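Student: First to last, the protein sequences are chains A and B.
Numbered according to this note's numbering, the first sequence spans residues 64 to 229.
Numbered according to this note's numbering, the second sequence spans residues 64 to 229.
There are 2 protein chains.
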Amino acid sequence: MPLSPETRERLSVSLAQLVRSGRHMSSRAATHLHGDLPSFGWPLLLPLESDGDLRCSALAVRAGIDVSVASRQVAALERAGYVERRPDPQDGRASLLRITARGLEALTTSRALRSEWTGTALAGWDDADAHRLADLVDRLLTDIERAVTASPPSAAGHHDPQAVAG
Amino acid sequence: MPLSPETRERLSVSLAQLVRSGRHMSSRAATHLHGDLPSFGWPLLLPLESDGDLRCSALAVRAGIDVSVASRQVAALERAGYVERRPDPQDGRASLLRITARGLEALTTSRALRSEWTGTALAGWDDADAHRLADLVDRLLTDIERAVTASPPSAAGHHDPQAVAG
DNA sequence: ATCAATGCTTGCAGACCGCAACCATACTCT
DNA sequence: AGAGTATGGTTGCGGTCTGCAAGCATTGAT
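#1: Where does Ser158 of chain A fall in DSSP's three states?
#2: Could you check how far apart the C-beta atoms of Glu96 of chain B and Leu107 of chain B are, in whole angstroms? I think they sit under 8 Å.
#3: Look up Arg73 of chain B in the DSSP assignment and say whether it is helix, strand or coil.
#4: So Ser158 of chain A and Arg148 of chain A are supposed to be a Cβ contact under 8 Å. How far apart are they, rounded?
#5: Mind listing the chain B neighbours of Ser106 of chain A? Cutoff is C-beta to C-beta under 9 Å, in chain order.
#6: From A:Thr205, A:Arg195, A:Ala175 and A:Leu199, pick the residue whose C-alpha is nearest to that of Pro68 of chain B; which is it?
#7: Counting pairs of Cβ atoms below 8 Å between the stretch 110 to 124 of chain A and the stretch 176 to 183 of chain A, do you hit three or more?
#8: In the DSSP assignment, what residue or residues form a beta bridge with Pro150 of chain A?
#9: So, is the C-beta of Ser113 of chain B closer than 8 Å to a C-beta in chain A?
#10: In the DSSP output, which residue or residues are listed as bridge partners for Arg118 of chain B?
#11: Quick check on this structure: which residue in B:Asp99, B:Leu117 and B:Ala92 has the alpha carbon closest to the alpha carbon of Gln153 of chain B?
#12: Express the C-alpha separation of Gly144 of chain B and Leu78 of chain A in angstroms, rounding to a whole number.
#13: On the criterion of 16 or more Cβ atoms from any shown chain inside 10 Å, does Gly127 of chain A qualify as buried, or is it exposed?
#14: By the criterion of Cβ-Cβ separation under 7 Å, what are the contact partners of Gly182 of chain B in chain A?
#15: For a contact meaning CB atoms closer than 8 Å, what does Ser75 of chain A contact in chain B?
#16: Between the stretch 186 to 206 of chain B and the stretch 184 to 200 of chain A, do at least 3 Cβ pairs fall closer than 8 Å?
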């Protein structure tokens, strides 16, 4: 039972605005959300925290960016001491990345900042609505990922965009 | 009645992922969503469509970008024929921007593409859930805007150039 | 008439992105 | 083993989007 055209359009417009709004917040200037982490630290450190050591290419896939970009950003995080690398015992070409204590700390700080900001912005919300929204967003994310991986979005480019509406 | 810390954190993480995911779809390569519109056309043409003629500065506020950026993007849209400008009768410095028939057409096409994509990605959803999500997202957007305007982001930090790319 | 304020444009630089070329290592095949 | 290919990662390059600051033209107040 598919969605009605009106619902589809309304949802796509709302999501586009949300994405646009959020883009502004992940900007470099948003230190009230990042702490001392560079703006790209969050999507890289998060998989490293939850899934242990990863290779650069695996990290790139998780973060939805090109390996070359991940390589540069990881190098920056390494210089800043948030991440350390050791040679992969399985493969001499690869390195395994691990989050450092400092990285964990920065991640925790950033998480607290985000959480705090969310709390003040959503002061009028109750837990039930927030949970509903989180549930729906999570479901949306999995469906988006499925849709993107299922049908290549562009014939020419075979990049890995997990793009949605916006 | 404030949100619990767990809910806040979960929501902030989910929304961050959604924003990150959506970022890629506003890329220039996502012609399956933009049609022949440039990627920045959507957030500019949308206010022009709904609110009639606007000045460049008003448009920048609506789109959430700097006036200088809006100026450049509007110039591009004008060159492409999606927008036309006429002198503001009230003020010789300003121009009034209006969406052209071609702009309306492109906007309609883009809207249809987005709607179609949303329909396939959210194939398993029913109208009720989609409506719930759209309602919550809209409410979230208004609350975010309120929070942002209440405490201006420029107050938090000036620019913090930690150049890292190599 | 003068001078500050306003609307917009442009020069500049930063941040992020992907592609292509490249090197070193691993794997496959004969 | 040796040759050829595939893979992981890095770097050069260009492109896009962004904001800041300086500049220009017009407006409005003194």
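Glycine included, every Cβ here is placed at the ideal spot set by N, Cα and C.
Just so you know, these numbers come straight off a predicted model, no measurement behind them.
Tutor: Considering the structure as presented:
#1: Counting from one through the first sequence, the residue named residue 158 of chain A turns up at place 95. Three-state DSSP puts Ser158 of chain A in a strand.
#2: The count along the second sequence starts at 1 and reaches residue 96 of chain B at position 33. The count along the second sequence starts at 1 and reaches residue 107 of chain B at position 44. For the sequence presented, residue 96 of chain B should be read as Leu rather than Glu. With 8 Å as the limit, Leu96 of chain B and Leu107 of chain B do not qualify as a contact, their Cβ atoms being about 16 Å apart.
#3: For this step, residue 73 of chain B is matched to residue 10 along the second sequence. Arg73 of chain B falls in the helix class under three-state DSSP.
#4: What you label residue 158 of chain A is simply residue 95 of the first sequence in a count that begins at 1. What you label residue 148 of chain A is simply residue 85 of the first sequence in a count that begins at 1. The pair is a contact, with the Cβ atoms about 4 Å apart (cut-off 8 Å).
#5: In the first sequence, residue 106 of chain A corresponds to position 43, counting from 1. The sequence shown places Pro at residue 106 of chain A, rather than the Ser named in the question. Ordered by position in chain B, the residues that pass the 9 Å Cβ test against Pro106 of chain A are Ala79, Gln80 and Arg83.
#6: Counted from its first residue, the second sequence places residue 68 of chain B at position 5. Looking at the Cα atoms, A:Ala175 is the closest of the given residues.
#7: no
#8: Stepping through the first sequence from its first residue, residue 150 of chain A is reached at position 87. Per DSSP, A:Ser158.
#9: Mapped onto the second sequence, residue 113 of chain B falls at position 50. So no, Ser113 of chain B is outside the interface.
#10: Here residue 118 of chain B refers to the residue found at position 55 when the second sequence is read from its first residue. For Arg118 of chain B, which the question treats as bridged, DSSP gives the partners B:Leu159.
#11: The residue given as residue 153 of chain B occupies position 90 in the second sequence. Closest by alpha carbon: B:Leu117.
#12: As a position in the first sequence, residue 78 of chain A is number 15, starting the count at 1. As a position in the second sequence, residue 144 of chain B is number 81, starting the count at 1. Roughly 27 Å between the two C-alpha positions.
#13: Position 64 of the first sequence, counted from the first residue, corresponds to residue 127 of chain A. The residue is buried, with at least 16 neighbouring Cβ atoms inside 10 Å.
#14: Position 119 of the second sequence, counted from the start, is the residue given in the question as residue 182 of chain B. The contacting residues are Pro65, Leu66 and Arg71.
#15: Mapped onto the first sequence, residue 75 of chain A falls at position 12. Result: Arg174, Arg177, Ser178, Trp180 and Thr181.
#16: yes
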